[in-house]
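Beneath this line is the structure, given in structure tokens, with notes to follow.
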Amino acid sequence: MDSGGCRLNGGGVGGGEVGGGGGSAAGSRLGMITLEDLETFSEEQPADSAYNSNGSLEEEGESMEEEQDRLLQYWQDVGRGHQVDVPRDMAVPIQQLTSNNQGTQDRESVPFTLITRKEKCGDVLYEKRHYEKAHWACVTVLEEQYEQSICLGFMKLMRYICQQNATGGFLGLTIPIVTVVRTENSRSVLSREVTVAYYLPSQHQARPPQPYDPDIVIEEWPAAIIYTRTFGGATNEHSILYEISLLAEVLECPEIRLQDTFIVAGYTNPAAANRHNEIWFLQRP
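Under the UniProt record's numbering, the sequence shown has 138 at position 138, and the numbering climbs by one with no breaks.
Next up, the structure:
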């Protein structure tokens, strides 16, 4: 993987290597292209898009391959704005995600039960929630830069969601997409190793489709108590560390505050004016 961007070479199943990366000044300036970026693409397509309202290819003289090329070219242009290289083997996943997108209002949310909400002067300081056990598709990535790890993880999950799974079809999008992050002992630096996870839609919970990519594993996460706080803006190393410290300050349980593993949950398009992110602390048994 090129250290200056999220580049997945060798367009077969499971393309791209985990680990390595030489690091460079460009690495620290990386942007991220995520599932939310691609999901909002259909809202931005020009009126003469070859897809009709049912997501099927219209008779406009454009072949499936030409449509894939057009969509890929669009996202390569978008990717350059993020300083991300969108590889050729993303053409089919991008097309499938575009044709199957039904808008964020139809995305399934990870279910939870609200236990309590702590407020001060009308502001929510944090929520305490209960999440049931569930299956997640997870990919753990270790790259030279934190942003590189996130980018590679999302690309791999995109392929799994769109086609590279045992069903051979589109699985559907869910929210939030979560990233498990770890801090060093001082809690001032994020580990380069991150785990990006996708909650499997309810229709696939009983029998999760197996991924073709050996780097993606299906895990059953146990039921958990989560303390969570909402924040807006970008999710980068600086903002994540800042939000971890804020939530730690308002929590009243020392055993919760002194952890080194946290979860960042993303709900909205990163380009949205009002971003919806959350930081999650897990209560250990």
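For every residue, glycine included, the Cβ atom is placed at its ideal position computed from N, Cα and C.
Open item on the list: Could you check whether Thr-235 and Glu-278 sit closer than 7 Å to each other, using their CB atoms as the reference points?
Closed with: Taking the sequence shown and counting its residues from 1, one reaches residue 278 at position 278. Taking the sequence shown and counting its residues from 1, one reaches residue 235 at position 235. No; because the gap between Cβ atoms is not below 7 Å, this pair is not in contact.
Task: Counted within 10 angstroms of its Cβ, other Cβ atoms place Val-264 as buried (16 or more) or exposed - done: Here residue 264 refers to the residue found at position 264 of the sequence shown. It counts as buried.
Open item on the list: Going residue by residue through the segment 141 to 218, where are the continuous beta strand (DSSP E) segments of at least 3 residues, counting only ones entirely within it?
Closed with: Within the segment 141 to 218, the runs of beta strand (DSSP E) at least 3 residues long that lie entirely inside it are, in chain order, 177 to 182 and 193 to 199.
Task: Reduced DSSP secondary structure (H/G/I, E/B, other) of Glu-108 - done: Counting from one through the sequence shown, the residue named residue 108 turns up at place 108. Correct three-state label for Glu-108: strand.
Open item on the list: My output table needs one value for Ala-234: the three-state DSSP class, helix, strand or coil.
Closed with: To locate residue 234, count along the sequence shown from 1; it is residue 234. The DSSP-derived three-state label of Ala-234 is coil.
Task: Inter-stretch contact (C-beta, 8 Å, three-pair minimum) for the segment 183 to 198 and the segment 133 to 150 - done: Yes, the segment 183 to 198 is in contact with the segment 133 to 150.
Open item on the list: Suppose you measure from the CA of Val-180 to the CA of Leu-282; what does that come to, to the nearest Å?
Closed with: The sequence position of residue 180 within the sequence shown is 180, counting from 1. The sequence position of residue 282 within the sequence shown is 282, counting from 1. Each residue's alpha carbon lies about 11 Å from the other.
Open item on the list: With distance defined between alpha-carbon atoms, name the residue in Arg-207, Cys-253 and Ser-202 nearest to Ile-225.
Closed with: Locating residue 225 in the sequence shown gives position 225, counting from the first residue. Closest by alpha carbon: Cys-253.
Task: Neighbourhood of Arg-107 by C-beta, 7 Å cutoff - its chain only, sequence neighbours within 5 removed - done: Here the question's residue 107 lines up with position 107 in the sequence shown. Listed in chain order, the non-local C-beta contacts of Arg-107 below 7 Å within the same chain comprise Leu-173, Thr-174 and Ile-175, local neighbours out to five positions each way being set aside.
- [ ] With His-130 as the anchor, note down where its beta strand (DSSP E) starts and where it stops.
- [x] Within the sequence shown, numbered from 1, the residue matching residue 130 stands at position 130. The continuous beta strand (DSSP E) containing His-130 extends over residues 123 to 131.
Open item on the list: Measuring only the C-alpha atoms, how far is Gly-22 from Glu-147?
Closed with: Taking the sequence shown and counting its residues from 1, one reaches residue 22 at position 22. Taking the sequence shown and counting its residues from 1, one reaches residue 147 at position 147. Residue confidence for Gly-22 is low, a pLDDT of 38 falling below 50, so the modelled location carries little weight; the figure read from the coordinates is stated next. Distance between the alpha carbons of Gly-22 and Glu-147 is about 14 Å.
TODO: Quick one: grab the DSSP three-state call for Glu-252.
DONE: Locating residue 252 in the sequence shown gives position 252, counting from the first residue. Three-state result, Glu-252: coil.
TODO: Could you check the C-alpha separation between Leu-152 and Ser-239 for me, to the nearest Å?
DONE: Position 152 of the sequence shown, counting from 1, holds the residue named residue 152. Position 239 of the sequence shown, counting from 1, holds the residue named residue 239. Their backbone Cα atoms lie some 20 Å apart in a straight line.
Open item on the list: Distance check for Asp-260 and Gly-197, CA to CA, integer angstroms please.
Closed with: In the sequence shown, counting from the first residue as 1, residue 197 sits at position 197. In the sequence shown, counting from the first residue as 1, residue 260 sits at position 260. Before going further, note that residue 197 is Ala rather than Gly in the sequence given. Taking the straight line from one Cα to the other gives about 18 Å.
Task: Residues near Val-250 by beta carbon distance below 8 Å, same chain, minus five either side - done: In the sequence shown, residue 250 corresponds to position 250, counting from 1. These residues qualify, in order along the chain: Lys-118, Leu-125, Tyr-126 and Arg-229.
Task: Bridge-paired residues (DSSP) for Val-264 - done: By one-based count along the sequence shown, residue 264 stands at place 264. DSSP lists Thr-179 and Ile-279 as partners of Val-264.
Open item on the list: For Ile-244 and Val-110, what's the separation of their Cα atoms in angstroms?
Closed with: If you number the sequence shown from 1, residue 244 lands on position 244. If you number the sequence shown from 1, residue 110 lands on position 110. One C-alpha to the other measures close to 22 Å.
TODO: Count the other C-beta atoms from every protein chain shown that fall within 10 angstroms of the C-beta of Asn-274, then say buried if there are 16 or more, exposed otherwise.
DONE: Position 274 of the sequence shown holds residue 274. So Asn-274 counts as exposed.
Open item on the list: If you reduce the DSSP assignment to three classes, tell me which class Arg-88 lands in.
Closed with: Position 88 of the sequence shown, counting from 1, holds the residue named residue 88. Helix at Arg-88.
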